Amino acid sequence: MKKHILAAFAVAAMLVSCKESSSKTETVENKDGSVVTTTTTETTTGLVDSSKVNEAKNKIQNSIDNAGEKIDNTTQKAKEDINSAAKDMKNDAHKVGQDIKKGAQDVSRDVKDATAKGAQKVEDGARKLKEDLKK
């Protein structure tokens with residue numbers, strides 16, 4: 347058991363101590379003829395590459411942003427469709443109401459005409475009865 351613990355500790359120590367470094371040397375010549383040399387050394391451990399982590403983070407953020415835009419666009423389109431359907435239903439209901447009103451007016455005219463004809467027949471019948479009673 348001690349061997350396993352020591353081996354794990356040794357591997358962990360090696361991983362932590364393993365470093366990768368890269369150097370960049372840049373030489374710039376000034377207008378006056380002097381030369382300036384700049385050396386930049388970048389040291390990274392082999393465990394985590396922060397540039398890859400940042401790249402993955404940016405990709406995920408872009409994916410989330412795109413999904414958010416799609417959701418917003420879909421929501422806006424659904425809202426417009428609902429408003430359009432509601433407007434169509436309102437117009438249809440108004441048209442139906444007008445048709446019912448016109449139908450009621452037609453029925454009312456027919457009832458008035460029928461009542462007038464019936465009243466006329468009653469009056470004619472009453473006149474004939476009156477004339478028959480005089481005879």
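Using the numbering used here, the first residue of the sequence shown is number 347, and each one after it goes up by one. Ideal Cβ positions, reconstructed from N, Cα and C, are used throughout, including at glycine. Because the structure is a prediction, the values reported are computed rather than measured.
message = Less than 8 angstroms between C-beta atoms, sequence neighbours within five positions excluded: which residues of the same chain meet that for glutamate 469?
response = Locating residue 469 in the sequence shown gives position 123, where the first residue counts as 1. Only residues of its own chain outside the window of five on either side were considered, and among them none has a CB closer than 8 angstroms to the CB of glutamate 469.
query = Should lysine 370 and threonine 383 be called a contact, given that it needs their Cβ atoms to be closer than 8 angstroms?
reply = In the sequence shown, the residue the question calls residue 370 occupies position 24. In the sequence shown, the residue the question calls residue 383 occupies position 37. Note that the C-beta distance between lysine 370 and threonine 383 is not below 8 angstroms.
query = Opposite glutamate 375 in the DSSP bridges: which residues?
reply = Within the sequence shown, numbered from 1, the residue matching residue 375 stands at position 29. Glutamate 375 is bridged to Val381.
key: Cut-off 7 angstroms between Cβ atoms - residues of its own chain near threonine 373, not counting five sequence neighbours on either side   = Within the sequence shown, numbered from 1, the residue matching residue 373 stands at position 27. Taken in chain order, the residues that qualify are Val381 and Thr383.
inquiry  = Only counting the same chain, and skipping five residues up and downstream in sequence, which positions put a Cβ closer than 6 angstroms to that of glutamate 388?
reply    = Position 42 of the sequence shown holds residue 388. So the qualifying residues of the chain are Ser368.
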